[in-house]
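Read top to bottom, the protein sequences are chains C and Z. Numbering (my numbering) for the first sequence: 1 to 668. Numbering (my numbering) for the second sequence: 1001 to 1159. Beta carbons are placed, not taken as given, at the ideal position from N, Cα and C, and that holds for glycine.
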Amino acid sequence: MTTTIDASPAAPALGEGPRAARRSIDGPALSGGLTAILGAIGLALGLSVIFGEPRQLRIGWLLPLVGVRLDLDPLGGVFVAATGAVAIAVGIYAVGYARREHWARFPLVTLPLFVAGMLLVPAAGSVTTFLLAWELMAATSLILVLSEHRRKEVRCAGVFYAVMTQLGFVFILIALVVLSAAGGGDAFTTIEANVDNLTQGPRNAIFLLTVLGFGSKAGLLPLHAWLPKAHPEAPSPVSALMSAAMVNMGIYGIIRIDLQLLAPGPHWWGLTLMIFGAVSAVFGVLQASVATDLKQLLAYSTTENMGLITLALGAATLLTSSGAPTVAAIALTAALLHLLSHAAFKTLGFLAAGSVLAATGLRDLDKLGGLARRMPVTTVMFGIAALGASGLPLGAGFVSEWLLLQSLIHAPHDSITLVALAMPLSVGAVALTTGLGIAAMVKAFGVGFLARPRSAAAEAAREAPKSMLAGMTLAAAACVVFAIAPVLLSPTLQRVLAVLPRVGGDSAGPQIETILRLPGVAGSISPGLLAAALVIAILLALALARWGRRHRPPVAVTPLWASGADSLSPRMQYTATSFAEPLQRVFDDILRPDTNVEVTHFAESQYLVERVSYRTLMADPVEQRFYTPVVQAVTSWAQLVRRAHTGSVHLYLAYGAAGLLIVLLVAR
Amino acid sequence: MSWIGKIGRVGRIVEPAPDAPEAAIVPPTGVTGSLQLRHVDCGSCNGCELEITSAFSPVYDAERFGARLVASPRHADALLATGVVTHNMRQPLLNTLKAIPEPRIVIAVGDCAVNGGVFTKGYGVVGTVGDVVPVDVEIPGCPPTPQQIITALRSVTGR
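Spelled out as structure tokens, the structure:
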């Protein structure tokens, strides 16, 4: 393959040129490279804003009446930087992935556009610009989800995603229009200046609408249904971008509008966020722990983590409104840190899952296995991601989950009954989420990568190409930093907290140094020292084993014990389904699995079994209970309306005339 | 707290064990009073199994002489084989013996294991345990009584 990177911008993208010209240009390299460069610019800009002066940009001619207005402050900066960092890793990865999967031109062009849209959302300084960037992000992501539109599942997921994301957009649109009307301006700065004049009615309306609208983008219950459909069907680099960067924009919206502009609200604001968050976290992780599709498992894990972040934001809001800004600052730090670490480990998770998918064509954990020998680097990468997602020490998600738990435990419980009730229940929800999260990740890693391959495709797997490995290595490095050296992020977090004074951001936050200390509450931990202790312990154990080996007889090699049988077959191994079966049994009432066991007996005797088939179908219960009736109702209404559409041009003209008449009468 | 006093008053009520039999073999682990056994049913009528169960029950309690039944041959010092060796069980018997770390011994329990018993030359029978693997200790009887089994095991554990 030729690797000429052509500097002229038009050629591969538009693809109008003759075939010979197109062949000489390396589309994947160009598209991936552009994505990575955009990401690098985003990262640099974000960091420069966090540690320097806010930046502003006005382009008056680009939009009628108001123009485009970009204001980047530290809060937007951290989101821009996170998105940029994800885009760098994904861009490099996409070079190899797009080559291996033979991407068409359309997704290749859309990938950098999608990243640009995501970078613009947190940079937007006015309602109009924000909505424009939001739509750019939504539309390009939809195009990318539909990359493999020849498959029926992809089209189904695409329709689902399109409807949900536009529904969310309607909520956001109404909320922001109300906000700008009440705030007396289009720019966020104008609104911020006038926000104190807002009465409680519009405030509540804006809060509820934004939580619903942004919550649907963040994948919060019950508006999460697009997430486990669209993420698995999208190409893996796109899944990584969507799951690690795009869902963050939902959280960004909630922080920007509700926590920065409108806060402090009444107690029920915080409580609402906490309930949304806790329910999403528990439900998401439950679905993840019974999922057998690797990418669907990761998608549900996204719902789980966004739930945890929302829970932390809710806790910060509630704690501020009940007069405990110090603890609120800890919860806010937990939310921001978890957002960043989730971006790191989820990028890595989806990229590693993409390597598996590209190498085997499989997402079904029940058919994978044995990849540790065949794809060692990918296996290590997925291991790092899984460790991060399970929230264990030395994993990327540990520090933030620890901070969240500390803030919930140390909330002052003598002031308000509501806080005294909400906090312990939240601790329970977080504990359950973390526990089940470990089960889900052990399943994904153990069943998917260890033991022996369960199918011919898994047996023939080969390691991913270099650019894919490079992309994953970058994300893994970020994971390691989050896990053992969160001290590096401390200045960033402090700058961001400083622009959120209404939710406790101006009080002294947790001191994230080599040892994490929480001011005002007793609690400290040092992930870096923990890692050092572990490394020393491993080295000591190795040295001891080496020393002890001298005194032992030589090692005897014997065949594997297979309970007397000659050999073990891969079918004897744990599968993802069997691993999750006990959990599925315990949470039967929530998960409602459709299980079917068929036993075929021999004709000679009913005591001899010829064949047993076990089938279980895990459908999303929320989707079945909540979405199916709505979809059916909409369909029946649509059928009614359809009767008016006979196909007669004359009738349509008559409709138009009648409509015009009504408008004229009304607007008389 | 009267039960503590009761323990003191009652003392040991176990019947004293009969004198230890003569050692039949050097204990495989090199220490006396410890013998981990893995049991394999090579094609037994389950009479010997009942007697082995009985020997390890609280009434006879073979464990007080250091013999224990374990679940995996990887944990075992010795193989306890019962019954004639059938065609289906020949390979599993060999596999199990291979899985026991050396030095190891094989104890054949019951007449069938020792000389074929009533199943000699049956159509599904390969032969005695001794025909398939080297046997170190034999316990005759159809089935052997728990006392016989325990005596034989004591001659190996050395206690």
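Step through the CB atoms of chain Z and report whether any lies within less than 8 Å of the CB of residue i.
i	result
C/P559	yes
C/G548	no
C/D620	no
C/D566	yes
C/L608	no
For residue i, decide whether its Cβ has a neighbour in chain C, counting only Cβ atoms nearer than 8 Å.
i	result
Z/P1092	yes
Z/A1108	no
Z/R1074	yes
Z/N1088	no
Z/T1096	yes
Z/A1113	no
Z/A1099	yes
Z/P1146	no
Here's the rule I'm using: 16 or more other beta-carbon atoms within 10 Å means buried, otherwise exposed. How should residue i be labelled?
i	result
C/M572	exposed
C/Q584	buried
C/P554	exposed
C/A21	Confidence in C/A21 is poor, its pLDDT being 44 and thus under 50, which makes the residue's placement unreliable; the coordinate value appears in the next sentence. Classification of C/A21: exposed, given that the 10 Å Cβ count is below 16.
C/R69	buried
Z/C1142	exposed
C/Y607	exposed
C/W226	buried
C/R454	buried
C/V356	buried
C/H601	exposed
C/N305	buried
C/Q624	exposed
C/Y655	exposed
C/I670	What is shown of chain C runs 1 to 668, which leaves residue 670 of chain C out entirely.
C/F445	buried
Z/R1154	buried
Using DSSP's beta-bridge definition, name the partner residues of residue i.
i	result
C/E598	C/S613
Z/G1127	Z/V1085
C/S524	C/R517
Z/I1139	Z/V1109
C/S126	C/A187
C/I512	C/L516
C/D293	C/D364
Excluding the five sequence neighbours on either side, which residues of its own chain have a C-beta within less than 7 Å of the C-beta of residue i, listed in chain order?
i	result
C/F207	D258, L262, G265 and W269
Z/V1126	V1085, T1086, H1087, R1090 and V1132
C/L43	A81, G84, A85 and I88
C/A389	S301, F345, G349, G397, G437 and M441
By the criterion of Cβ-Cβ separation under 8 Å, what are the contact partners of residue i in chain B?
i	result
C/D588	Looking for chain B here will not work: the only protein chains present are C and Z.
Leaving out the 5 sequence neighbours to the left and right, which residues in its chain are closer than 6 Å to residue i when beta-carbon positions are compared?
i	result
C/G250	F214, K217 and A218
C/L530	P393
C/V145	G158, Y161, A230 and A234
C/D71	Q56 and G125
C/R100	A358
Ignore the nearest five residues each way along the sequence and tell me which others in residue i's own chain have a CB closer than 8 Å to its CB.
i	result
C/S524	I515, L516, R517 and L518
C/S426	M274, A278, L311, A315 and L408
C/R203	L262 and G265
Shorter than 7 Å, the distance from the beta carbon of residue i to the closest heavy atom of the ligand ATP, or not?
i	result
C/Y300	The ligand ATP is not part of the structure shown, which contains no ligands of any sort.
What are the uninterrupted segments assigned as beta strand (DSSP E) that are 3 or more residues long and contained completely in the segment 1029 to 1103 of chain Z, given in chain order? As for any beta strand (DSSP E) of minimum length 3 sitting wholly inside the segment 1029 to 1103 of chain Z, the runs are 1035 to 1041, 1067 to 1069 and 1078 to 1082, ordered along the chain.
Just list the alpha helix (DSSP H) runs in the segment 28 to 104 of chain C, keeping only unbroken ones of 4 residues or longer that don't cross its boundaries, in chain order. 74 to 101
Along the chain, which unbroken stretches of the beta strand (DSSP E) at least 3 residues long are found entirely within the segment 336 to 403 of chain C? none
Mind listing, in chain order, the continuous alpha helix (DSSP H) runs of no fewer than 4 residues lying wholly within the segment 414 to 495 of chain C? 417 to 449, 456 to 459 and 466 to 484
Report the start-end ranges of each beta strand (DSSP E) in the segment 540 to 591 of chain C that is 3 residues or longer and not cut off at the edges. none
Tell me the start and end of each unbroken alpha helix (DSSP H) in the segment 242 to 302 of chain C that is at least 4 residues and wholly inside, in chain order. 247 to 253 and 267 to 290
Residue ranges of each beta strand (DSSP E) within the segment 101 to 185 of chain C, 3 or longer: none
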